[in-house]
Amino acid sequence: MSYTLTLQCGCVVYVSQNPATRIVHTRILQSKGLSCVNRRHEVGLRLYLWELLPPPSTPPCGGPQGDGPSREPTEGGAPG
Ligand SMILES: [Zn+2]
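In structure tokens, the structure reads:
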């Protein structure tokens, strides 16, 4: 069996799947999207599974940058 997937960039990927094992063995870019800006996306390109997934959004860890000024402890000078 086979089907097609439309990526977020608009490209259409032809996916061929083994009906018995349900393992996808072929992923080929069938047609390029009009709004696709990915230069690698050309008709006939073999795609990997992770290339079909949507791009990851912003990383989960995004804390405020820049801590306070770190001052080294100054030695107290005893009056001599
Ligand atoms: Zn594309």
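All residue numbers for the sequence shown refer to my numbering, where the first residue is 10 and numbers rise by one. Positions of the beta carbon are idealized from the N, C-alpha and C atoms, including for glycine.
Beta-carbon contacts of residue 34 that lie in its chain and below 8 angstroms, excluding the five residues immediately before and after: 25, 26 and 27
Beta-carbon proximity check, residue 32 vs residue 53, cutoff 8 angstroms: no
Near ligand 1: residue 53 beta-carbon under 7 angstroms from a heavy atom: no
Those residues, in chain order, that have a beta-carbon closer than 7 angstroms to some heavy atom of ligand 1: 16, 18, 19, 20, 41, 42, 45, 47 and 50
Residue from 66, 61 and 46 whose Cα sits closest to the Cα of residue 16: Cα-wise, what sits closest to residue 16 is 61.
Same chain, Cβ closer than 6 angstroms to residue 44, five either side skipped, listed in chain order: 19
Of the listed residues 30, 51, 10 and 29, nearest to residue 21 (C-alpha basis): 51
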